[in-house]
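What follows is a single structure, written as C-alpha cells, with notes after it.
Residue numbers (my numbering): 4 to 627.
And the structure:
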C-alpha cells in the first residue's frame, strides 16, 4: 500500500472516534490519536454485515419509492387541500414547491443513502455527529407511524370483505347497528343533525365507537383479527428484505393506477361529475396572495414525498453505487405529484355526482382524512351501477397503497437494526427473517389500542402528534445537518463521484438557501398556528390526552438533544473543541480540499489502530 492509499484508507474510520474520545483536539487545529479509545471503537466496527444486498433491478427501487410516496394521503388529503386553497390556482404553488423543496430534498436523501450505503441512523451519525440523533428520530417516527398505519389497512380489509354482497351494508338504515330516527339512507352533508347510513356503518358497525378517548371500551375482535391479517401480509411481503419487497411492488405499486383509471372512466360518465371536477380545478386567484396557501403547498409536498421519515435513505442505501439517482428522483417526485392531481379528479368527480343526486352543494360533502375514503366515497358507490364491484376495487386499491407505505416504514427499522448490531442480532435470532418477524410483532402489539372501541380517538391523537407535530422538527434538523453542516461542497463531491457530473447550480442554490428556508418557514408556521388534536368537528381531547400526545411527539424529538449531549460528553477537549470536532463528518479529518473525491465508497470498512497516524491536521470547509 502506498502512502497516498494508506492516507485515504486511514481517514475513512478515523473521525468515528471523535465522539468517543478517540481523538484529542489540541491547539493549532491538530487532532492527536488516542490509542486506548481506538480499541474501544474498533470493537464495534464490525457490527453490521460486511456485504450489503442491492436491488435486483433499478425498476424495483423506483417502484418501491413510488409505492411509498403515493399513499393514502394522495387520496384523502391532496384533493381536499387543493379545493380549499384556491382550486386550480393551488397547482401553481404546489408545482413551485415541488421544484424548490420536494425534488432537491428527495435528491439529497437519495444521495446520502446511496453513497453511505447505510440507514438513516448511521448515515446521519457519519454526516454530523452532533446531530446524529436526527437519524434515530426518523426511525422512531417511522416506527410509531407503522404501529397505527396498519389499522387503516385493517379498515380497508373490513370494507373490502363487506363489499362482496349484492346490497352494500352501508346502503340503508335497516341494519341492527343503525339508529333509525337519526339515520338517512341518502347523504346528508355537513349541515344537518342526521347521519348518513355510511357514517353510521363506520362509527357504529366498524368501529363501534365509544364516547371519547377516556372510554376505551372493549377490543373490536373483528378489527383485531384483520390487524393480524394485515401484519401477516406485510411480513410475507418483506421478510426476505428487498429481494421479496422488490417483487411485490411490481403489483402493489402499479395495480392501483389501473383502478384509478377505471374509477375515473366510470365517474366522468355520471351526472354531476363535471361540476365536481370544475369545482376542484376552477382557480381562485386571490388565494395566491395568502401566505398560508404557499405554506400548505410546501407542507403537502414534504409529507407526500416522505422526506425525513428515513425511508428514502434506507431504500437508496440498497442501490448500486453508480445508480443514476437524479433520474430516479425526477421519476418518483413527478409521478407522486401527477398521481395526487389525478386522484383529485377521481375523488371530485364522485363528489360532484353525490352533490347532484342529493341536491347538496359540494362544500357540504367534501372532507379530508379517513372520513373521505370510509364515509363519503363509499356512499357514492351505493347508487352506482354494479356498486359492489366498484367498492371492492376501491378498497383493494387502498389496501395496495397502504401496504406499499407500510413496507418502507418497517424496512427503516429493520435496516437500522441491521446496520447497528446486525451480527449480534443474527447470532441470537440466526436468521434475518426472525428479526423482521420480531419488529412486526412489536408494532402489532403497540397498535392494539387502535382497535378498541375508543381506538379511533387514540389513532387521531397519535397521528396528529407524530405525522404533524414531530415531523417538521425532524425535517428542520435534518436539513441543517446535511445542507449547512455537512455542506453543499461535500454534497457536490459525493454526487459527482456517483453520477460522474456535479449537480447543477439549481440544486446547489436549493440545498444552500431555498429548501432550508422553506422548511424553516413551514416549521415556524406550524408552531404559530398549532392547534390541539380534534376528532371530527366537535370532539376535543381532555388535557391529559393532550399531554399524552406531546409524549408521543417527544418520543422522536428527544433523540436530537440526547444525541448531541452524548457526542459532546464522549468527546475530549474544551467545549468549543468538542463542538468543532462534532460537526466534522466521521470519514473526514484531513482537509477536504486536499483529498480526492473517491474516499468513502472504495475504502475498507475495517481499520486496525496501528494504521492511523499520530497527528492529522484538522481541516475545515466553508459551507457552500
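Don't be surprised by glycine CBs; every beta carbon is placed ideally from N, CA and C.
Treat the numbers as computed from the prediction; the structure is a model and nothing was measured.
Query, Result
"Out of 389, 347 and 362, state which residue places its alpha-carbon closest to the alpha-carbon of residue 376.", "347"
"So, residue 82 versus residue 351, is the Cβ gap smaller than 8 Å?", "yes"
"I need the boundaries of the alpha helix (DSSP H) containing residue 468, first residue and last residue.", "It is not in any alpha helix (DSSP H) - residue 468 carries neither H nor E in the DSSP assignment."
"For residue 321, which of helix, strand or coil comes out of DSSP?", "coil"
"Compare the Cα-Cα distances from residue 180 to each of 200, 171 and 162 and report the closest residue.", "200"
"With a Cβ-Cβ cutoff of 8 Å, do residue 55 and residue 325 count as a contact?", "no"
"With the cut-off set at 8 Å, would you say residue 408 and residue 103 are in Cβ contact?", "no"
"At the level of alpha carbons, what is the spacing between residue 254 and residue 399?", "12 Å"
"What does the alpha-carbon distance come out to for the pair residue 3 and residue 440?", "In the structure displayed, the chain extends from 4 to 627; residue 3 sits before or after that span and is not available."
"Taking residue 452 as the reference, which of 445, 395, 461 and 446 has the closest Cα?", "461"
"Are the segment 422 to 430 and the segment 117 to 132 touching by the rule of at least three beta carbon pairs closer than 8 Å?", "yes"
"Are residue 105 and residue 304 close, meaning C-beta to C-beta below 8 Å?", "yes"
"Can you say whether residue 141 is buried or exposed, counting buried as having 16 or more other CB atoms within 10 angstroms of its CB?", "buried"
"Could you tell me the distance, in whole angstroms, from the CA atom of residue 567 to the CA atom of residue 133?", "5 Å"
"Quick one: grab the DSSP three-state call for residue 260.", "helix"
"DSSP three-state label for residue 68, please.", "helix"
"Specify the secondary structure class of residue 166 as computed by DSSP and reduced to three states.", "coil"
"How about the segment 106 to 117 and the segment 294 to 310: do they share at least three Cβ pairs that are nearer than 8 Å?", "yes"
"Out of 554, 95, 365 and 317, which has the shortest C-alpha to C-alpha gap to residue 68?", "317"
"Ordered along the chain, which non-local residues of its own chain (more than five positions away) have a Cβ less than 8 Å from that of residue 358?", "275, 278, 279, 364, 365, 367 and 368"
"Quick one: using the 10 Å Cβ neighbour count with 16 as the cut-off for buried, is residue 540 buried or exposed?", "exposed"
"Rounded to the nearest angstrom, what separates residue 332 and residue 98 at their Cα positions?", "15 Å"
"I want to know whether the segment 444 to 451 touches the segment 520 to 537 - three or more CB-CB distances under 8 Å.", "no"
"Between residue 168 and residue 390, what straight-line distance do the alpha-carbon atoms span, to the nearest angstrom?", "10 Å"
"Quick one: which unbroken alpha helix (DSSP H) runs of 4-plus residues sit fully inside the segment 439 to 497? Chain order, please.", "458 to 466 and 474 to 482"
"Which ranges would you report for the alpha helix (DSSP H) in the segment 366 to 417 if only whole runs of at least 4 residues count?", "380 to 385"
"Got a sec? Which residues, its chain only, sit under 6 Å from residue 467 by beta carbon, not counting five neighbours each side?", "536"
"In the DSSP assignment, find the alpha helix (DSSP H) that holds residue 361 and state where it starts and stops.", "328 to 361"
"Would DSSP call residue 561 helix, strand or coil?", "coil"
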